[in-house]
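Below: one structure, written as structure tokens.
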Amino acid sequence: MDFKGSDILSVDQFQKEDLKLLFDTAAQMEIYATRQRVTRVLEGAVLANLFFEPSTRSRVSFGAAFNRLGGEVRDTTGFRFSSMAKGESVYDTSRVISGYSDVMVVRHPEEGAVKQFADATKIPVINGGDGPGEHPTQALLDLYTVMKEHGRSLDQIDGLSIAMIGDLKNGRTVHSLAKLLSLFEDLSFTLVSPKSLRMPDEVIERVRSRNHQVQETENLAEGVKNADIVYMTRIQEERFSSPEEFARHRGRYSIDRKFYADQCKEGAVLMHPLPIDGRPGAQEINDDLHGHPKLAVYRQTDNGIPVRMALFSLVLGVADKVHDVAKDALWYHPEQVDSE
Ligand code: ASP
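Position one of the sequence shown corresponds to residue 108 (the numbering used here), numbered consecutively onward.
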């Protein structure tokens with residue numbers, strides 16, 4: 108694919124060679140993401156970060172990634188504080204914002220809405236999550252994490268076994284990740300969910316059509332026993348029409364240290380797109396796993412920065428110029444807290 112000027116709406120746009128370019132570029136971004144060097148390659152550029160649904164990680168990490176390339180960020184959050192609350196159309200919002208910015212990231216509660224933003228403008232639009240549809244950049248950073256956690260190159264993803272657990276119906280991150288992983292060979296997927304929250308057939312068919320194995324179960328212990336990657340997800344409260352139905356599923360799947368030690372394959376990597384529902388009775392990943400060497404969730408969120416930097420630099424056509432305008436970072440920067 109030609110990244111320059113492209114909208115990034117779905118993982119379907121990516122082939123293996125695109126992933127290779129993106130991840131090689133992300134690896135080059137790590138010195139900036141980890142604050143060893145500073146680059147100003149996007150000095151003067153503006154990102155419009157339009158989030159019409161709640162977000163912490165995606166919104167801040169898109170913004171921070173753009174800032175770390177030297178660009179400026181303008182945010183709007185929620186409908187309430189945007190003119191959409193006054194009935195403004197997607198076309199008008201998108202056209203107006205494209206007069207103020209060079210690239211747009213949009214999160215929206217309706218599947219397909221981000222594409223409507225993209226259709227109304229020529230500036231690149233990146234899907235930051237469209238309802239239960241897709242979250243392509245989450246899948247890209249998840250795959251980058253899988254690759255790094257297993258100390259593998261992209262060519263060595265083949266043969267892995269992945270358990271996806273939780274609300275597979277409404278969780279857009281697993282839709283995107285399963286589709287992206289299906290580009291590789293010989294994978295084995297175990298999908299763990301209640302029957303009413305199954306992975307959509309369309310996603311399962313895609314994965315099967317590429318000759319991967321897919322098993323479905325409601326049983327967590329059975330689902331994780333052979334998995335190299337254990338990918339937990341949150342029950343997506345905001346997609347349920349009744350609180351009672353949500354309450355029936357909440358807390359259904361939870362992993363703690365004992366469960367991990369007793370049931371998971373040795374060395375299994377624990378991932379989650381976050382947020383974890385940390386309220387009592389839920390906790391898909393229990394707090395007692397904090398600091399566990401195989402808990403990759405914070406390395407996963409950290410990886411969002413180099414991957415999103417790589418995407419911006421490729422989409423805006425500056426990936427080969429990043430190091431030309433770089434210097435050492437001078438400020439104090441401590442280590443992270445989360446390794447044992
Ligand atoms: N942060 C992810 C998303 O926006 C996962 C979640 O919300 O559960 O889809």
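Where a beta carbon is used, it is the ideal one built from N, C-alpha and C, also for glycine.
(request) Say yes only if the C-beta of Gly185 is nearer than 8 Å to one or more non-hydrogen atoms of ligand 1, and no if none qualify. (result) no
(request) Pull up the DSSP beta-bridge partners for Tyr338, would you. (result) Met271 and Met378
(message) Restricting to Cα atoms, I'd like to know which of Ser189, Asp308, Ser289 and Glu325 is closest to Lys302.
(response) Glu325
(message) ligand 1 and Thr141: does any heavy atom of the ligand fall closer than 8 Å to the residue's C-beta?
(response) no
(message) Tell me the residue span of the alpha helix (DSSP H) that contains His282.
(response) Arg279 to Leu288
(message) Measuring only the C-alpha atoms, how far is Ala246 from Leu287?
(response) 7 Å
(message) Here's the rule I'm using: 16 or more other beta-carbon atoms within 10 Å means buried, otherwise exposed. How should Val61 be labelled?
(response) An answer regarding residue 61 cannot be provided, because it is not within the stretch 108 to 447 covered by the chain.
(message) With the cut-off set at 9 Å, would you say Lys276 and Ser300 are in Cβ contact?
(response) yes
(request) Starting from the C-beta of Lys111, find all residues in its chain whose C-beta is less than 8 Å away, skip the five residues before and the five after it, and write them out in chain order. (result) Leu421, Val422, Leu423 and Gly424
(request) Compare the beta carbon distance of Asp182 and Phe158 with 9 Å and say whether it is the shorter of the two. (result) yes
(request) Excluding the 5 residues preceding and the 5 following Lys255 in the sequence, name in chain order all residues of the same chain whose CB lies nearer than 8 Å to its CB. (result) Arg406 and Asn410
(message) Distance check for Tyr198 and Glu373, CA to CA, integer angstroms please.
(response) 51 Å
(request) Thinking Met211 and Ala417 are a contact (beta carbons under 8 Å), I'd like their distance in whole angstroms, please. (result) Incorrect: roughly 18 Å between the Cβ atoms, too far for contact.
(request) Taking all protein chains shown into account, decide if His472 is buried (16 or more other Cβ within 10 angstroms of its Cβ) or exposed. (result) Outside the modelled stretch of the chain, which goes from 108 to 447, sits residue 472, for which no answer is possible.
(request) Give every residue of the same chain whose Cβ lies closer than 8 Å to the Cβ of Asp369, excluding the five residues on either side of it in the sequence, and list them in chain order. (result) none
(message) For Thr163, count the other beta carbons within 10 Å of its own beta carbon; 16 or more makes it buried, fewer makes it exposed. Which is it?
(response) exposed
(message) Considering just the uninterrupted stretch of the alpha helix (DSSP H) at Gly330, what are its terminal residues?
(response) Leu327 to Val331
(message) Mapping the DSSP letters down to three states, classify Met306 as helix, strand or coil.
(response) coil
(message) Judging by CA-CA distance, which residue of Phe347, Asp363 and Phe188 is the nearest neighbour of Ala328?
(response) Asp363
(message) In chain order, what are the residue ranges of uninterrupted beta strand (DSSP E) at least 3 long that sit wholly in the region 185 to 243?
(response) 210 to 215 and 232 to 237
(message) When you compare the CB of Pro382 with every CB in chain C, is at least one pair closer than 9 Å?
(response) Protein chain content of the structure displayed is limited to a single chain, and chain C is not contained in it.
(message) Output needed for Lys428: all residues of its chain with C-beta closer than 6 Å, excluding positions within five of it in sequence on either side, in chain order.
(response) Val148
(request) Spatial neighbours of Pro239 within its chain, please: CB distance less than 8 Å, with the 5 preceding and 5 following residues excluded, ordered by chain position. (result) Glu218, Lys276, Asn277, Gly278, Arg279, His282, Gln343 and Arg346
(message) Can you determine whether any heavy atom of ligand 1 sits closer than 8 Å to the C-beta of His242, and answer yes or no?
(response) yes
(request) Have a look at Leu250 and Leu284 and give me their C-alpha separation to the nearest angstrom. (result) 7 Å
(request) With Val299 as the anchor, note down where its beta strand (DSSP E) starts and where it stops. (result) Ser295 to Val299
(request) Taking Gly236 and Arg214 to be in contact with their CB atoms under 8 Å, please state how far apart those CB atoms are, rounded to whole angstroms. (result) 5 Å
(request) Check whether the Cβ of Arg164 sits closer than 8 Å to any heavy atom of ligand 1, and report yes or no. (result) yes
(message) Helix, strand or coil for Lys276? Go by DSSP, reduced to three states.
(response) coil
(request) Name, in chain order, the residues that DSSP records as bridge partners for Ile383. (result) According to DSSP, Ile383 bridges with nothing at all.
(request) Would you mind sorting Met108 into buried or exposed? The rule is 16 or more other CB atoms within 10 Å of its CB. (result) exposed
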